[in-house]
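>
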Amino acid sequence: MRWFLDLAIGLTRSWTAVYIRGLPSETRAERREEIDCDLWHQQRLADLEREPPTGTAIEILVRWLAGVPSDITWRLETGAAQPKGITTMNDSLPMRIGLVLLSLPLLALILNGVAIAFFDAGDFNNSTEHVAWGLAFLLTPLVTLIGLWLCRAQPRLGFAMVVVGALAGALIMFWMAFITVPMALAVIVFAAFRAGFLPRSSTRQQPA
Amino acid sequence: MPRRKAGTLLPIELSILDSAIYMRVRGAPYFHGFMIAKEIKERENARLLTAHGTLYKALDRMEKSGLLTSEWEDPVAAANEGRPRRRFYSVTAAGEAALVRARAGPELAAIEPKRRLATQ
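Residue numbers (my numbering), protein chains in the order written: chain A, -16 to 191; chain B, 588 to 707.
#1: Can you list the residues of chain A that B/T641 reaches, using a CB-CB cut of under 8 Å?
#2: Taking Cβ-Cβ distances shorter than 8 Å, what residues in chain A pair up with B/P671?
#3: A/E42 versus chain B: which residues are under 7 Å apart at the beta carbon?
#4: Quick check on DSSP: helix, strand or coil for A/L76?
#5: Going by beta-carbon coordinates alone, are A/F173 and A/L82 separated by less than 9 Å?
#6: Less than 9 Å between the C-beta atoms of A/T10 and A/I3, yes or no?
#7: Between which two residues does the alpha helix (DSSP H) carrying B/A659 extend?
#8: Can you find a C-beta in chain A that's less than 9 Å from the C-beta of B/M622?
#9: Taking the CB atoms as reference points, tell me whether B/E626 and B/M649 lie closer together than 9 Å.
#10: Would A/V45 pass as an interface residue toward chain B - the criterion being a Cβ-Cβ separation below 9 Å?
#11: Give the DSSP-derived three-state secondary structure of B/Y617 in the structure shown.
#12: Kindly indicate which three-state DSSP category A/F180 falls into: helix, strand or coil?
#13: What is the DSSP secondary structure of B/S652, reduced to helix, strand or coil?
#14: Taking DSSP as the reference, what is the three-state secondary structure of A/S27?
#15: Should the region 125 to 135 of chain A be called in touch with the region 84 to 93 of chain A, which here means at least 3 C-beta pairs below 8 Å?
#16: Determine the burial state of B/R674: buried for a count of at least 16 other Cβ atoms within 10 Å of its Cβ, exposed for fewer.
#17: Roughly how many angstroms lie between the CA atoms of A/R46 and B/R634, to the nearest whole one?
#18: Starting from A/F107, follow the beta strand (DSSP E) in both directions and report where the run begins and ends.
#19: Which chain A residues sit within Cβ distance under 8 Å of B/R674?
#20: So what's B/R674 in DSSP terms, helix, strand or just coil?
#21: What residue range does the alpha helix (DSSP H) around A/W158 cover?
#22: Run through chain A and tell me which residues come within less than 9 Å of B/D605, C-beta to C-beta.
#23: Show which residues of chain B have a CB atom less than 9 Å away from the CB atom of A/T39.
#24: So, for A/V164: in the same chain, excluding its five sequence neighbours on each side, which residues have a beta-carbon less than 7 Å away from its beta-carbon?
#25: From the DSSP output, in three-state form, read off B/E631 for me.
#26: In chain B, what lies closer than 8 Å to A/W116 by C-beta?
#27: Please classify B/S602 as buried or exposed, where buried requires at least 16 neighbouring CB atoms within 10 angstroms.
#28: Taking only the alpha-carbon atoms, compute the straight-line gap between B/A599 and B/A624 and give it to the nearest angstrom.
#29: Are the beta-carbon atoms belonging to B/K628 and A/D54 less than 9 Å from one another?
#30: Would a C-beta distance cut-off of 9 Å place A/G130 and A/L118 closer than the cut-off?
#31: I'd like to know whether the C-beta of B/D647 is nearer than 9 Å to at least one C-beta of chain A.
#32: Can you list, in chain order, the residues of its chain with a C-beta nearer than 6 Å to that of A/I155? Leave out the 5 residues immediately preceding and following it.
#33: Which two residues bound the contiguous alpha helix (DSSP H) that contains B/I608?
This is how it looks when you write it as structure tokens:
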């Protein structure tokens, strides 16, 4: 039952990684190390005293679960104590919601591309056409999707990927250009906001 | 954080200070998280160790309020022993005083802030 102990330790560590997200790196490292140290000592002591791993695992799980409310309140207090800096338009809740909503049709297009390329879906003359069109339908939304998610961390690369992916996707479906081109342009404008290239009209300074 | 009167200690804080002072008397002036959790479990005959969240939140709060002070162990020493480095806590004079006040009961705890105000 050693796996159960590993699972308990893994869950505790994973939870720690979740609730310390967004805190300054020093605070994150300190909390992570303290929990790691605690888990190490508990495991070590259990080994020395030849306690069954299941009992130790259960105790670790209970310690983790019973401490979750305190972890959350500590996170809220610690997070609130940090200077908030600047909340920009490209990091606002509507932008995040927009990102998720845009990702869904892109995922559907990716699945469509996979179906055409690898499962002979669609009406094409031969297998070469299936693979060629399938890859085109697969790669353009994939590049767009990755670009959208990259836009905040790497604005130039992310935005370039969105432009290439969205325009290529729109032009591939040239017979539907009256729909695909405006959609591609909308995605590009969204990516420009997300990358911070367009004016941040809703920028507000939080008091430190 | 729970609402409470200034100068009073929560049960977990009382347990930490109590156990830490007891360990100090026995020759261990510094303690790390697991060490104090184990000591509390033994002293209070508890079935389980204090929850991670409860323990480390309390230690963090007590350090911020000056009841404890902490120092990280040398990472090389920890690496040589093949384990994560420890954060060693110790009780400050303010922590000892808070424990004495808490032990003395609500009367002294209520008098102390007034006395402090009078001396300021």
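Idealized CB from N, CA, C, for every residue including glycine. Since the model is a prediction, treat every value here as computed from it, not as a measurement.
Taking the structure as given:
#1: Within the second sequence, the letter at position 54 stands for residue 641 of chain B. Within 8 Å Cβ-Cβ: A49, G50 and S53.
#2: One-based indexing of the second sequence puts residue 671 of chain B at position 84. Per Cβ cutoff of 8 Å: E16, D19, C20 and W23.
#3: As a working mapping, residue 42 of chain A is identified with position 59 in the first sequence. The contacting residues are L635 and L636.
#4: Counting from 1 along the first sequence, the entry for residue 76 of chain A is found at position 93. Helix, per DSSP.
#5: For the purposes of this step, residue 173 of chain A is identified with residue 190 of the first sequence, where counting begins at 1. For the purposes of this step, residue 82 of chain A is identified with residue 99 of the first sequence, where counting begins at 1. Their beta carbons are under 9 Å apart, which means A/F173 touches A/L82 by this criterion.
#6: As a working note, residue 10 of chain A is residue 27 in the first sequence. As a working note, residue 3 of chain A is residue 20 in the first sequence. Yes, the pair counts as a contact, with Cβ atoms nearer than the cut-off.
#7: Counting from 1 along the second sequence, the entry for residue 659 of chain B is found at position 72. The sequence given here places Trp at residue 659 of chain B; Ala does not occur at that position. Not the alpha helix (DSSP H): B/W659 falls in the beta strand (DSSP E), residues L655 to W659.
#8: By 1-based counting over the second sequence, the position of residue 622 of chain B is 35. Yes, because at least one Cβ of chain A sits closer than 9 Å to the Cβ of B/M622.
#9: In the second sequence, the residue the question calls residue 626 of chain B occupies position 39. In the second sequence, the residue the question calls residue 649 of chain B occupies position 62. Cβ atoms of B/E626 and B/M649: not closer than 9 Å.
#10: Stepping through the first sequence from its first residue, residue 45 of chain A is reached at position 62. Yes, A/V45 counts as interfacial toward chain B.
#11: Here residue 617 of chain B refers to the residue found at position 30 when the second sequence is read from its first residue. Residue state for B/Y617 is assigned as coil, using DSSP reduced to three classes.
#12: On the first sequence, residue 180 of chain A is found 197 positions in, with the first residue counted as 1. Looking at A/F180 - three-state DSSP - the assignment turns out to be coil, as it is neither helix nor strand.
#13: Against the second sequence, residue 652 of chain B aligns to sequence position 65. Here B/S652 sits in coil by DSSP.
#14: Here residue 27 of chain A is taken as the residue at index 44 of the first sequence, counted from 1. Inspection of the sequence shows that residue 27 of chain A is occupied by Arg rather than by Ser. Three-state DSSP puts A/R27 in a helix.
#15: The answer is yes - the region 84 to 93 of chain A touches the region 125 to 135 of chain A, with three or more Cβ pairs under 8 Å.
#16: In the second sequence, residue 674 of chain B corresponds to position 87, counting from 1. Label assigned to B/R674: buried.
#17: Here residue 46 of chain A corresponds to residue number 63 of the first sequence, with the count starting at 1. Here residue 634 of chain B corresponds to residue number 47 of the second sequence, with the count starting at 1. A/R46 and B/R634: Cα-Cα distance of roughly 11 Å.
#18: As a working mapping, residue 107 of chain A is identified with position 124 in the first sequence. Premise fails: A/F107 is in no beta strand (DSSP E) and is neither H nor E.
#19: In the second sequence, the residue the question calls residue 674 of chain B occupies position 87. The contacting residues are E13, E16, E17 and C20.
#20: On the second sequence, position 87 is the one that residue 674 of chain B refers to. Correct three-state label for B/R674: strand.
#21: Taking the first residue of the first sequence as position 1, residue 158 of chain A is located at position 175. For A/W158, there is no enclosing alpha helix (DSSP H), as DSSP marks it with neither H nor E.
#22: To locate residue 605 of chain B, count along the second sequence from 1; it is residue 18. Ordered by position in chain A, no residue passes the 9 Å Cβ test against B/D605, which lies about 20 Å from the chain.
#23: Stepping through the first sequence from its first residue, residue 39 of chain A is reached at position 56. The contacting residues do not exist; A/T39 stays about 10 Å from chain B at best.
#24: As a position in the first sequence, residue 164 of chain A is number 181, starting the count at 1. Only A153 meet the Cβ criterion.
#25: Working through the second sequence from its first residue, we reach residue 631 of chain B at position 44. In the structure shown, B/E631 sits in coil (DSSP, three-state: anything other than H, G, I, E or B).
#26: Reading the first sequence from its first residue, position 133 is the one you call residue 116 of chain A. Chain B residues near A/W116: none, gap ~53 Å exceeds 8 Å.
#27: Translated into the one-based positions of the second sequence, residue 602 of chain B becomes position 15. Taking every protein chain shown into account, the CB of B/S602 has 16 or more other CB atoms within 10 angstroms, so this residue is buried.
#28: Reading the second sequence from its first residue, position 12 is the one you call residue 599 of chain B. Reading the second sequence from its first residue, position 37 is the one you call residue 624 of chain B. In the sequence under discussion, the amino acid at residue 599 of chain B is Ile, which differs from the Ala named in the question. So the alpha carbons of these two residues sit roughly 10 Å apart.
#29: Working through the second sequence from its first residue, we reach residue 628 of chain B at position 41. Working through the first sequence from its first residue, we reach residue 54 of chain A at position 71. Their beta carbons are not under 9 Å apart, which means B/K628 does not touch A/D54 by this criterion.
#30: Numbered from 1 along the first sequence, position 147 holds the residue referred to as residue 130 of chain A. Numbered from 1 along the first sequence, position 135 holds the residue referred to as residue 118 of chain A. The beta carbons of A/G130 and A/L118 sit no closer together than 9 Å.
#31: Mapped onto the second sequence, residue 647 of chain B falls at position 60. It does; some Cβ of chain A falls within 9 Å.
#32: Here the question's residue 155 of chain A lines up with position 172 in the first sequence. Hits under 6 Å: A119.
#33: For the purposes of this step, residue 608 of chain B is taken as the residue at position 21 of the second sequence. Run containing B/I608: P598 to V612, per the alpha helix (DSSP H) assignment.
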